[in-house]
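K.L.:
Below is the structure I would like to discuss, written out as structure tokens.
Protein chains: 2
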Amino acid sequence: MKKAANSPHNDNFSDLIGEIRNSFNSFHASEALIASCVIADPVQVSKMNISQIATFSNTSVASVVRFSKAIGYKGYPEFRMALVSEVSRLGISESSIAELDSGITTDDSIEEIIKKIALADSRAIQTTAERLDVKSFKKVVDAWDRASNIGIFGLASSGYVAMDLQLKLNRQAKNAVAWRDAHTALTSVSLLKPGDCLVAISHSGTTLDVVEVIEEFKARGITIILITNAIRSTATALADIVLHTSARETTFRSGATSSRIAQLTVVDCLCVALAQRNWSGTKSALDQSRTAVGSRSGKKIDDSVNSSLTPTKSRSRGQG
Amino acid sequence: MKKAANSPHNDNFSDLIGEIRNSFNSFHASEALIASCVIADPVQVSKMNISQIATFSNTSVASVVRFSKAIGYKGYPEFRMALVSEVSRLGISESSIAELDSGITTDDSIEEIIKKIALADSRAIQTTAERLDVKSFKKVVDAWDRASNIGIFGLASSGYVAMDLQLKLNRQAKNAVAWRDAHTALTSVSLLKPGDCLVAISHSGTTLDVVEVIEEFKARGITIILITNAIRSTATALADIVLHTSARETTFRSGATSSRIAQLTVVDCLCVALAQRNWSGTKSALDQSRTAVGSRSGKKIDDSVNSSLTPTKSRSRGQG
DNA sequence: AGTCCGCTGAAGGTTTTTTTCGTAGAGGAG
DNA sequence: CTCCTCTACGAAAAAAACCTTCAGCGGACT
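Quick mapping for you: the protein sequence lines, in order, are chains A and B. Throughout the first sequence, residue numbering follows our numbering, covering -12 to 307 in sequence. Throughout the second sequence, residue numbering follows our numbering, covering -12 to 307 in sequence.
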């Protein structure tokens, strides 16, 4: 019988892999083989069952059981739990950042495509949030608060964000209207008065139509708010307040889609901030909108309720 | 024949317990019992084997297996791993989770609002990507590939995603049309033939209009693809292929906005996968679309180019 | 050189998990 | 109100994973 009096580690906060490395020289040949595998790729190993690990390490299931017992667990499953736990704590991500940056190739697997795109999108949100200039952000909320009417302009994909913003503002009983082409926008220019604002959404900030629209509204004394991914562009030079999204352009696709997702997040933050400021006013408006939606017997509209604050703790039912 | 140790999705970094809480209302009686136990004492539960859980929750082992599958795992052991992983991570950073869950209050600072929303959104993307069922995903790509025409349906906010999808498919020279209300969709029902497919996008999956549209198209032999946040709903029961987004409903706002961001990511992944498959065909279509856009002298459209592969290293110009 | 000691993998036994299948109960139609 | 259908649930059989036993083999010590 093996001595194995190493550590009766119960669960948490031990450094399992370090432990294994430490006791490496007290292992027998096949135990050492297994240990090497565990150290080399804990993530992978933690996903294998006992026979897979046996094959993978060129040993036998019996040895895996013995190994598990040697380092202090009742059996393989218990060891596996500990390993999973460890891996999760360390946050060893299976795929390195660099790998994901490498771009999608024609022979990437579906899994890789999904992982890469998701990472790009979620990072766009994170970095945008981190970099967002809070002073400008506050200025936007102020401007919206003061404005009696808000114009929103976005082309193509950015147009969807524009429409989304309109929806969110209207829901808060805020006058807002979205335009998705330059002609319509310019036609409606007299809708806004000095003191109102125009929100222009543009990934690149160089699109000619966007620039034209901004110039026209600016000339009439409208406050120009720009949401864009470009640090410096024709549009940023013209705008009064700029909110900058940080979607990186990777090699496999333009940053435009990520940037749009970041735009949505920014817009969402702005609306929540605005709602928070006008809490009491918003509340009744929201109640009215809820009632209005609810009255359509039995029908529910997706995304019906809020994007807003819920001060009580009651779970918001009827949504899912 | 055993499948080698490849992992369909990575278990780390998702928000399992939140997920369970989130889909609580789509559980059946005994599943709900199990869910309660898991939520009430995840640590304890993570140490039980399947029969212990069954006894503990006054249900049966079969139900535990069904529960595990319902929330997206292959079986009980896989779920258990995820739970262990979650518990372990929670033990370390209970602060951040609690913080996220705490909801936005009327006296949160702007910085906090931004951080919370960004975290929720980026998590939604991560979790969705991790949990996405790759088999269904592939089926969708297949179905799109075969279809000579693709219908897309989404209401309100989901409608923007629908339009975005249309844009992306058209860019690949794929016939697709987006409808944003039931009436229009039903009027156009004869546009699709058996073998074609309808992509329905719905956060809740219970909206009456959505269900009606699905039923009508299904009756005509159209393949129904559903993108939704609900694990089980009227719509999921009808659909042929379901892709599930995992946006968590937090206390401060509905999950709808996060869910929409997740929908966008899913749609983007699908389009890239489709483009990859038909690489040669896509390439020429994209070239044409580039040329078309470029010919508008000096004008550029935001988000114009792709969401597609760039096999050469040349940066996709004209975008920035 | 012979014997002993203890590691090792194969085979068989045990536990755990999954699947199948019959039943009961809810909901809808006649 | 009754019958029918359709779905959820759990019991039990089937499958998988895991553990134990045992015989063989290699090295070490006498």
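A virtual CB, placed ideally from N, CA and C, is assigned to each residue, including glycine.
Closest to B/Lys161 by CA distance: which of B/Ala187, B/Leu173, B/Val128 is it?
P.N.:
B/Val128
K.L.:
With a threshold of 8 Å between beta-carbons, can A/Ala222 be considered close to chain B, or not?
P.N.:
no
K.L.:
Could you tell me whether the segment 149 to 157 of chain B touches the segment 198 to 206 of chain B, where touching means 3 or more Cβ pairs closer than 8 Å?
P.N.:
no
K.L.:
Any C-beta of chain A sitting closer than 8 Å to the C-beta of B/Leu251?
P.N.:
yes
K.L.:
Note down, in chain order, all residues in the segment 110 to 134 of chain B with a beta-carbon under 9 Å from any beta-carbon belonging to chain A.
P.N.:
Within the segment 110 to 134 of chain B, the residues whose Cβ lies closer than 9 Å to some Cβ of chain A are Arg110, Ala111, Ile112, Gln113, Thr115, Ala116, Glu117, Leu119, Val121, Phe124, Lys125, Val128, listed in chain order.
K.L.:
Following the continuous beta strand (DSSP E) through B/Val186, name the residue where it begins and the one where it ends.
P.N.:
184 to 189
K.L.:
Could you check if B/Thr93 is buried or exposed, using at least 16 other CB atoms within 10 Å of its CB as the buried criterion?
P.N.:
exposed
K.L.:
Using C-beta distances below 8 Å, list every residue in its chain close to B/Phe43, excluding the 5 sequence neighbours before and after it, in chain order.
P.N.:
Cys24, Val32, Met35
K.L.:
Reducing DSSP to helix, strand and coil, say where A/Thr252 ends up.
P.N.:
helix
K.L.:
Which of the three DSSP states, helix, strand or coil, is assigned to A/Phe355?
P.N.:
With chain A covering -12 to 307 only, the question about residue 355 of chain A has no answer from this structure.
K.L.:
Per the DSSP calculation, B/Trp166 is bridged to which residue(s)?
P.N.:
B/Phe140
K.L.:
Using a Cβ cut-off of 7 Å, pull out every chain B residue sitting near A/Ser177, in sequence order please.
P.N.:
The premise fails here: A/Ser177 is roughly 25 Å from chain B at the closest Cβ pair, so nothing lies under 7 Å.
K.L.:
In terms of alpha-carbon separation, which member of A/Ala105, A/Trp131, A/Ile21 lies closest to A/Arg264?
P.N.:
Ranked by Cα distance from A/Arg264, the first of A/Ala105, A/Trp131, A/Ile21 is A/Trp131.
K.L.:
Which runs of the beta strand (DSSP E), 3 residues or longer, sit entirely within the segment 202 to 248 of chain B?
P.N.:
Counting whole runs of 3 or more residues, the segment 202 to 248 of chain B contains the beta strand (DSSP E) stretches 210 to 215, 228 to 231.
K.L.:
Among residues of its own chain, excluding the 5 on either side of A/Ile112, which ones have a beta-carbon nearer than 6 Å to its beta-carbon?
P.N.:
Ala249, Thr252
K.L.:
Looking at the secondary structure, which residues open and close the alpha helix (DSSP H) in which B/Lys180 lies?
P.N.:
Run containing B/Lys180: none; DSSP gives neither H nor E here.
K.L.:
Does the beta-carbon distance from B/Lys205 to B/Ile211 come in below 8 Å?
P.N.:
Contact: yes.
K.L.:
Give the DSSP-derived three-state secondary structure of A/Ala134 in the structure shown.
P.N.:
In the structure shown, A/Ala134 sits in coil (DSSP, three-state: anything other than H, G, I, E or B).
K.L.:
Alpha carbon to alpha carbon, how far is B/Thr46 from B/Glu73?
P.N.:
C-alpha separation (whole angstroms): 24 Å.
K.L.:
What residues in the segment 46 to 76 of chain B have a beta carbon less than 7 Å from any beta carbon of chain A?
P.N.:
Met68, Val71, Ser72, Ser75, Arg76
K.L.:
By alpha-carbon positions, which one of B/Met68, B/Tyr63, B/Arg207, B/Asn157 ends up nearest to B/Leu173?
P.N.:
B/Arg207
K.L.:
Is any heavy atom in the ligand COA found nearer than 7 Å to the beta carbon of B/Leu178?
P.N.:
The ligand content of the structure shown is nil, which means the ligand COA is not present either.
K.L.:
Any C-beta of chain A sitting closer than 8 Å to the C-beta of B/Gln263?
P.N.:
yes
K.L.:
Let me check understanding here. Comparing Cα to Cα, which of A/Ile21, A/Ile100, A/Arg8 lies closest to B/Val259?
P.N.:
A/Ile100
K.L.:
With distances taken Cα to Cα, identify the nearest neighbour of B/Ile228 among B/Ile209, B/Val164, B/Leu106.
P.N.:
B/Ile209
K.L.:
What runs of the alpha helix (DSSP H), each 4 residues or longer, lie entirely inside the segment 26 to 67 of chain B?
P.N.:
29 to 32, 37 to 43, 48 to 57
K.L.:
At a Cβ threshold of 8 Å, is B/Ser233 touching chain A?
P.N.:
no
K.L.:
Which residues mark the beginning and the end of the alpha helix (DSSP H) in which A/Lys161 is found?
P.N.:
Per DSSP, A/Lys161 belongs to no alpha helix (DSSP H) and is neither H nor E.
K.L.:
Tell me which residue opens and which closes the alpha helix (DSSP H) that A/Glu5 is part of.
P.N.:
For the sequence presented, residue 5 of chain A should be read as Gly rather than Glu. A/Gly5 -> alpha helix (DSSP H) spans 3 to 9.
K.L.:
Suppose the cutoff is 6 Å on Cβ atoms and the five residues either side in sequence are ignored; what does the same chain contact list for B/Arg167 look like?
P.N.:
Gly146
K.L.:
When you compare the CB of B/Asp255 with every CB in chain A, is at least one pair closer than 8 Å?
P.N.:
yes
K.L.:
Considering only C-alpha positions, which residue in the set A/Leu142, A/Pro181, A/Arg158, A/Lys103 is nearest to A/Leu195?
P.N.:
A/Leu142
K.L.:
Any beta carbon from chain B within less than 8 Å of A/Lys161's own beta carbon?
P.N.:
Against chain B, the CB of A/Lys161 has no partner CB under 8 Å away; the residue lies outside that interface.
K.L.:
Quick one: does B/Gly281 have its CB under 8 Å from some CB of chain A?
P.N.:
Reliability fails at B/Gly281, whose pLDDT of 48 lies under 50, so the model's placement of it is uncertain and the value that follows must be treated cautiously. By this cut-off, B/Gly281 is not an interface position.
K.L.:
Can you give me the start and stop residues for the alpha helix (DSSP H) that A/Asp368 sits inside?
P.N.:
There is simply no residue 368 of chain A to check, as chain A begins at -12 and stops at 307 in what is shown.
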